[in-house]
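So the sequence lines, in the order shown, correspond to chains A and B.
Residue numbering for the first sequence follows the working numbering, starting at 1 and increasing by one per position.
Residue numbering for the second sequence follows the working numbering, starting at 1001 and increasing by one per position.
For every residue, glycine included, the Cβ atom is placed at its ideal position computed from N, Cα and C.
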Amino acid sequence: MLILTCPMCGVTAEETEFHGGGEAHLKRFGPGSSEDEFEGYLFMRENPKGVHFERWRHANGCGKWFHAARCTTTLEVFGTYAAQTYEPPAEIKAVISDKRPGWRWREHS
Amino acid sequence: MSEQATLSQTALGGARYDAGIATIVEAPLQGMITLRGDLASAKVKNAATGVAGVDMPGQRQVNCVEQSGIAWMSPDELLVLCPYADVAANMAKMQKTLGKGHALAVNVSDARAMFHLGGTHARDVMAKLAPVDLRRDQFTPGMIRRTRMAQVAAAFWVDGDDRFSIICFRSQAQYVFDLLKIAAQPGSEVGHI
């Protein structure tokens, strides 16, 4: 079972108290973008075996959105962090590098 | 803005269940005011403490004396509890304290239902319904937990005698009451808490 800690209210709970919000750190391409960019924004998603970054919402708790970095094979959670960021924070990346040396996810490593 | 008409009775008319391993009672009408805003702001704090008469609770804490209290609901939300009859006056008082500050106070008394769950197996009953560690050393008096009970959202806290106060949406009151009844049916003690 996936156990997440909400960084907004500090509750640690299993996944049924939360709701997954898909891949994290997507950059929106809207009107004026090229067709390739728009297609990438709409449809192209990572489906990694290993390190992954996701958005989650504490739906049955404080109701806030946040980010989670986790491993898709072991369900290990490397950390959770605020929704108000465009990319994984350095301390989260450091934790992942410690546990999964050589990891890559999109342009992050 | 016209004053909302208020309902004169609770969702289930004070339903209770004593035949099982815990006692379930629907609480009488309870005044509840949702207050959203910057919880660090003095105006917001004063608005809450001024009508509740208790100290501002910390993160995930609740301070409640009888029918008055303050519950920490999220980083920008408090639930102010007060006697049902005092809600209108308290709302006016809070609006005055808040002034033009960016905050929102809404009377949600008639949109919520409240239950009390008591008895020696109350923690067992709650633990069957919510994904929360309810051991006595983990879920202690003074904490409030917003979570789910089976399929619906709920918030609850416990006092020193293992008596739970549970708040849910009024429209889900029957569902929550039935859930509690099933979880408290005779002979269903788990006994591991």
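1. Could you check the C-alpha separation between ALA1173(B) and PRO101(A) for me, to the nearest Å?
2. Kindly say whether THR16(A), judged by its beta-carbon, lies nearer than 8 Å to any beta-carbon of chain B.
3. For the alpha helix (DSSP H) containing VAL77(A), name the first residue and the last one.
4. Our contact map puts ALA1127(B) next to ILE1193(B) with C-beta atoms below 8 Å; I'd like the distance itself, whole angstroms only.
5. Whose CA, out of PRO1131(B), MET1032(B), VAL1025(B), lies closest to the CA of GLY164(A)?
6. If contact is defined by three or more beta carbon pairs under 8 Å, each pair taking one atom from either stretch, is the stretch 1089 to 1101 of chain B in contact with the stretch 1145 to 1152 of chain B?
7. What number of angstroms, rounded off, separates the C-alpha of ILE1070(B) from the C-alpha of ARG1060(B)?
8. DSSP beta-bridge partners for HIS19(A)?
9. Evaluate contact between the stretch 40 to 59 of chain A and the stretch 6 to 24 of chain A, counting only Cβ atoms and requiring at least three cross-stretch pairs below 8 Å.
10. Have a look at ALA1052(B), PHE1115(B), TYR1084(B) and flag the residue whose alpha-carbon is nearest the alpha-carbon of SER1008(B).
11. Nearest-angstrom Cα distance between LYS99(A) and ALA1027(B)?
12. Buried or exposed for HIS1102(B), going by 16 or more other Cβ atoms inside 10 Å?
13. Give the range of the beta strand (DSSP E) segment to which SER1074(B) is assigned.
14. Are the CB atoms of LEU4(A) and VAL77(A) within a distance shorter than 8 Å?
15. Please state the DSSP three-state secondary structure of SER1002(B).
16. Buried or exposed, going by whether 16 or more other CB atoms sit within 10 Å of the CB of ASP36(A)?
17. In terms of residues, what are the limits of the alpha helix (DSSP H) holding GLN1095(B)?
18. Leaving out five residues before and five after SER109(A) in sequence, what residues of the same chain have Cβ atoms less than 7 Å from its Cβ?
19. For chain A, is any of its Cβ atoms less than 8 Å away from the one on SER1002(B)?
20. Which residues in chain A have a C-beta closer than 8 Å to the C-beta of PRO1141(B)? List them in chain order.
21. By DSSP's criteria, ARG1148(B) is part of a beta bridge. Which residues make up the other side?
22. For ARG1016(B), which residues from the same chain have a beta carbon less than 6 Å from its beta carbon, with the 5 sequence-adjacent residues on both sides left out?
23. Taking 8 Å as the threshold (C-beta atoms), are TRP105(A) and ALA48(A) in contact?
24. Cβ atoms of LEU1078(B) and LEU1035(B): under 8 Å apart, would you say?
25. Check the Cβ-Cβ distances between PRO1075(B) and every residue of chain A, and say whether any is below 8 Å.
26. How about VAL1125(B) and PHE1139(B): do their beta carbons lie closer than 8 Å?
27. On the premise that TRP65(A) lies in contact with ALA90(A), defined as a C-beta separation below 8 Å, what is that separation, rounded to the nearest angstrom?
For this structure:
1. One-based indexing of the second sequence puts residue 1173(B) at position 173. One-based indexing of the first sequence puts residue 101(A) at position 101. Rounded to whole angstroms, ALA1173(B) to PRO101(A) spans 51 Å at the Cα level.
2. Along the first sequence, one-based indexing puts residue 16(A) at 16. It does: the Cβ of THR16(A) has a partner Cβ on chain B nearer than 8 Å.
3. The sequence position of residue 77(A) within the first sequence is 77, counting from 1. Per DSSP, VAL77(A) belongs to no alpha helix (DSSP H); it is in the beta strand (DSSP E), 77 to 82.
4. Working through the second sequence from its first residue, we reach residue 1127(B) at position 127. Working through the second sequence from its first residue, we reach residue 1193(B) at position 193. About 6 Å separates the two Cβ atoms, so the contact holds.
5. The structure shown does not extend to residue 164(A), since chain A is modelled only from 1 through 109, so no value can be given for it.
6. no
7. One-based indexing of the second sequence puts residue 1070(B) at position 70. One-based indexing of the second sequence puts residue 1060(B) at position 60. Computed Cα separation, rounded: 11 Å.
8. The residue given as residue 19(A) occupies position 19 in the first sequence. ARG57(A).
9. yes
10. As a position in the second sequence, residue 1008(B) is number 8, starting the count at 1. Checked all of ALA1052(B), PHE1115(B), TYR1084(B); the closest Cα to SER1008(B) is TYR1084(B).
11. Along the first sequence, one-based indexing puts residue 99(A) at 99. Along the second sequence, one-based indexing puts residue 1027(B) at 27. Straight-line Cα distance between these residues: approximately 50 Å.
12. Stepping through the second sequence from its first residue, residue 1102(B) is reached at position 102. Counting Cβ neighbours within 10 Å, HIS1102(B) comes out exposed, since fewer than 16 surround it.
13. Here residue 1074(B) refers to the residue found at position 74 of the second sequence. Start and end: 1068 to 1074.
14. As a working mapping, residue 77(A) is identified with position 77 in the first sequence. As a working mapping, residue 4(A) is identified with position 4 in the first sequence. The answer is yes: Cβ separation under 8 Å.
15. Along the second sequence, read from residue 1 onward, the residue named residue 1002(B) stands at position 2. Any reading at SER1002(B) needs caution, since the residue's pLDDT is 46, under 50, leaving its predicted position unreliable; the model's value is listed next. SER1002(B): coil per DSSP, three-state reduction.
16. Residue mapping note: residue 36(A) aligns to position 36 of the first sequence, counting from 1. It is exposed - the Cβ of ASP36(A) has fewer than 16 other Cβ atoms within 10 Å.
17. For the purposes of this step, residue 1095(B) is taken as the residue at position 95 of the second sequence. Here the alpha helix (DSSP H) through GLN1095(B) covers 1087 to 1098.
18. By 1-based counting over the first sequence, the position of residue 109(A) is 109. These residues qualify, in order along the chain: TRP103.
19. Along the second sequence, read from residue 1 onward, the residue named residue 1002(B) stands at position 2. Caution is warranted here: a pLDDT of 46 is assigned to SER1002(B), below 50, making its placement in the model unreliable, and no coordinate value can be reported.
20. Taking the second sequence and counting its residues from 1, one reaches residue 1141(B) at position 141. Per Cβ cutoff of 8 Å: no residues; PRO1141(B) is ~17 Å from chain A at best.
21. Residue 1148(B) sits at position 148 when you count from the first residue of the second sequence. ALA1153(B).
22. Residue 1016(B) sits at position 16 when you count from the first residue of the second sequence. Counting only Cβ-Cβ distances below 6 Å, and skipping sequence neighbours, we find VAL1025.
23. Locating residue 48(A) in the first sequence gives position 48, where the first residue counts as 1. Locating residue 105(A) in the first sequence gives position 105, where the first residue counts as 1. Residue identity check: residue 48(A) is Pro in the sequence provided, not Ala. Cβ distance < 8 Å, so PRO48(A) and TRP105(A) count as in contact.
24. Sequence index remark: in the second sequence, residue 1035(B) carries index 35 (1-based). Sequence index remark: in the second sequence, residue 1078(B) carries index 78 (1-based). Yes, these two residues count as a Cβ contact at 8 Å.
25. Here residue 1075(B) refers to the residue found at position 75 of the second sequence. It does: the Cβ of PRO1075(B) has a partner Cβ on chain A nearer than 8 Å.
26. By 1-based counting over the second sequence, the position of residue 1125(B) is 125. By 1-based counting over the second sequence, the position of residue 1139(B) is 139. Their beta carbons are not under 8 Å apart, which means VAL1125(B) does not touch PHE1139(B) by this criterion.
27. Counting from 1 along the first sequence, the entry for residue 90(A) is found at position 90. Counting from 1 along the first sequence, the entry for residue 65(A) is found at position 65. Actually they are not in contact, since the Cβ atoms of ALA90(A) and TRP65(A) sit about 21 Å apart, beyond 8 Å.
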